[in-house]
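Here the protein sequences come in this chain order: U and Z. Using my numbering, you'd call the opening residue of the first sequence number 99 and step up by one each time. Using my numbering, you'd call the opening residue of the second sequence number 328 and step up by one each time. From the three backbone atoms N, C-alpha and C, an ideal C-beta is built for every residue, glycine too.
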Amino acid sequence: MSGSAIAVAGLTVAFGNFVALNNLTFEACYGQVHGVIGPNGAGKTTLLDVLTGKSAPRQGSVHLDGTIDLGRMTEVQRALAGIGRKFQKPSVFEALTIAENLDLALRVHRNSLLREVLARRADKDAAIDRLLQTVGLADRRDTLAGVLSHGQKQWLEIGMVLVQDPKVLLLDEPVAGMSDEETAHTASLVQSLRSPDRSIIVVEHDMDFVEQVADTVTVLHEGATLFEGSMAAARADHRVIEVYIGR
Amino acid sequence: MSSVFDRTASAITGLLLVMLIALLLLGHGMPVYLVNLAGQVMCFVLLAMAVDLMWGSAGILSLGHGLFFAIGGYIAAMHLLRTAFAATHVLPDFIQFMGNGGFPGWWALFDSSLFTALAVLVVPALAAFVFGYVSFRSRVNGVYFSIITQALTYTAMLLMFRNDTGFGGNNGMTGFHAIAGLPAGGGDAGVLLASLATAAVLVCLIGGRTLLASRFGRLLAAIRDDEPRLRFLGYNTLWLKLVAWCLSASVAGVAGALYVPQVGIINPSLLDPALSLEVAVWVAVGGRGGLCGAVLGATLINLLRSWMAASAPLLWPFVLSLLVLLVVLALPNGLLDMRNRSRGWMHSLLPAVGRPRP
Ligand SMILES: Nc1ncnc2c1ncn2[C@@H]1O[C@H](COP(=O)(O)OP(=O)(O)OP(=O)(O)O)[C@@H](O)[C@H]1O
Ligand SMILES: [Mg+2]
């Protein structure tokens, strides 16, 4: 697969009188890692909210694969259609163990809730074990998620999204609160997740991380696109320096 | 999630089994008031478990379970009035006053014990389904949901107070003749009902804990922790919540259906919001989650109340409030917390004691 994974056109999102996204047009393609950067409050998280159905736009359209109108789908339908998201604030089920978190995240019967609930645990174990290795939590399988450090929760949540094998992977600040070593590890993980059948959108404030993983970046400012191109070009662009990097 | 039979659950299951066997073997020799007390407390325990099933696992607090309890109770009473009429051919007063010359035709359905038993399980669940579907679908959550459940019970109470609703108005329904062939109000019927209620508590405790330890239970815990996250993993939480909610309503219905024959009357006071509110207090005092706390809390408070009803009834509201305050301050998750706290206290006094065994 290649071509348009997510296509956003003329998107406006407002909270009361405050316009968070202003007539935004944006595209992310399969086989690519797309970075989204910009100052606090630029609307990065709001963009992901619209893609996943958490916020409704006032105007504009969002399409998956160029043809599927996401605007008509619920959050649940979008998740089942292959849009996976890691939230900015780590969102894991604290009362459950790491393995139990992954067990819930792994869907083996996407079109039947009943069969999913009744699925044998054994059917999921192999995939869960593999994921635990990938995110480096294999020795903490039965630890309650609530006692994990911030960085480990980030990893667990990334694992929960990965176990769904999403075709559109949305990562909101995946390396916030991680050490340099953990950040490097996450960068190589994101690189390894590249696939012609997957589009990855990374929202991050860590420029070096974005430069390492992203093919193209979009710089958002006050809800609109300020710049689009390579990270190196973004770093040299005077408008980007002025509103974001230079500060 | 803890296992189905942790230490507390095993102890409670054991005690309940002993109680059930004692009722079955020795019940007929026991004082009737004691048997009745045990039976009624077990019904309240069942009601508390129904509330904990939602509150402790999914974090959804119902302040209106009196509604489902009363539905079960009214259904049982309808069956008992029909069988009483078949035996005595005397119409209940309220039916005579309605002036239609007899029971409404559809009451004949309740001649069948099997139909009645099914209705006790299904009607509360149906009522819960309609209300739950509307509320959960519009994403009514947290305290708003609790308040609406309370309002619902209140509305039902006002409705049932009216004589022309057809269920006896504020006098309610009474005058039961026999329960499963045993004279109503007699010792044998008391033993039967208390045994049934105890058995129901056992089934609900073991079945409920098995359910909570399953993936379904983990999904409920996930709803409590972070419902949006679960939705973004592709789970339609509406159906998960509805299943738990309807199940919980059925359990409350069974509790009501076993309670009403024991007290010999049902009237709209079971729909008083204060009762529904108090159930939440029993669960909070016992400790939320896992159903054991609900058993403990409902048992202790109801025993205490019945004891005080004889000795100092006026003091009861103050004692209850004091109890709640103490629990909130000292044991935030109820009496179940004592397990951990007492270990902590002992630990600080005698460092060698209470250390986890290897
Ligand atoms: N639900 C909401 N109600 C009101 N205002 C909101 C809501 N969600 C976001 N906003 C506002 O919209 C603006 C954009 O927020 P958004 O979270 O998208 O920023 P961001 O680019 O992700 O910033 P950050 O880098 O700090 O995460 C902010 O000013 C925020 O306060
Ligand atoms: Mg953000």
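Between the stretch 417–427 of chain Z and the stretch 441–460 of chain Z, the count of C-beta pairs closer than 8 Å stays below three; the two stretches do not touch. Contacts with chain Z at 8 Å (Cβ-Cβ) do not include U/T123.
Under the DSSP assignment, Z/G583 falls in the alpha helix (DSSP H) whose first and last residues are T564 to V590. According to the DSSP assignment, Z/V655 belongs to the alpha helix (DSSP H) that extends over W643 to A657. In chain order, the residues positioned with their C-beta nearer than 7 Å to some heavy atom of ligand 2 are U/K142, U/T143, U/Q186, U/D270, U/E271 and U/V301. With respect to the C-alpha of Z/L407, the residue from Z/N629, Z/L509, Z/G393 and Z/L486 having the closest C-alpha is Z/L509. Apart from sequence neighbours up to five positions away, the residues of its chain that approach Z/A526 with a beta-carbon distance below 7 Å are L347, ordered along the chain.
In the structure shown, U/Q262 adopts coil according to DSSP, grouped into three states.
Taking a beta-carbon distance threshold of 8 Å, Z/N468 does not count as an interface residue toward chain U. Z/V447 sits close to Z/V581, with the two beta carbons spaced by under 8 Å. Distances taken from the Cβ of U/A332 to the heavy atoms of ligand 1 include none shorter than 7 Å. Between the stretch 295–303 of chain U and the stretch 201–217 of chain U there are fewer than three C-beta pairs closer than 8 Å, too few to call the two in contact.
Z/F396: member of the alpha helix (DSSP H) spanning G393 to T415, first to last residue. Within the model, the alpha-carbon separation for U/T172 versus U/Q186 is close to 21 Å.
In the three-state reduction of the DSSP assignment, Z/F463 falls in the helix class, which pools H, G and I. Listed as beta-bridge partners of U/K184 by DSSP are U/L269. Relative to ligand 1, U/N120 has its C-beta separated by 7 Å or more from all heavy atoms. The nearest non-hydrogen atom of ligand 1 is 7 Å or more from the C-beta of Z/F559. In chain order, T150, G151 and L168 place their CB closer than 7 Å to the CB of U/R176, counting only its own chain and leaving out the 5 sequence neighbours on each side. The criterion of a C-beta distance shorter than 8 Å is not satisfied by U/P188 and U/K142. Sequence-distant Cβ neighbours of U/D201 in its own chain, meaning closer than 7 Å and more than five residues away, are R219, K222 and I226.
U/Q157 is positioned such that its CB atom lies no closer than 8 Å to that of U/G114. In this model, Z/L560 and Z/R615 are separated by some 27 Å (Cα to Cα). Neighbours of Z/W382 across chain U, judged by C-beta separation under 9 Å, do not exist; the nearest C-beta is about 14 Å away. Beyond the five residues adjoining it in sequence on each side, Z/W572 comes within less than 7 Å, by CB distance, of M381, A455 and G459 in the same chain, given in chain order.
When DSSP reads this structure, Z/A505 sits in a beta bridge with Z/P510.
Taking 8 Å as the cut-off, the beta carbon of Z/D379 is found no closer than this to the beta carbon of U/A193. With its beta carbon less than 8 Å from one in chain Z, U/A177 belongs to the interface. The beta carbon of U/F307 sits closer than 7 Å to the beta carbons of V273, T281 and A285 from its chain, once the five residues preceding and following it are set aside; these are given in chain order. Note on geometry: alpha-carbon atoms of Z/G356 and Z/L569 lie some 44 Å from one another.
Distance between Z/Y401 and Z/L441, taken at the CA atoms: about 16 Å. For U/M171, the nearest beta carbon of chain Z is not closer than 8 Å to its own beta carbon. By a beta-carbon distance limit of 8 Å, U/L162 contacts U/A179. Their separation comes to about 6 Å. Near chain Z, meaning a CB-to-CB distance below 7 Å, the residues of the stretch 179–196 of chain U are R183, S189, F191, E192, A193 and L194. Scanning Z/G534, Z/S465 and Z/V606 for the CA closest to the CA of Z/A336 turns up Z/G534.
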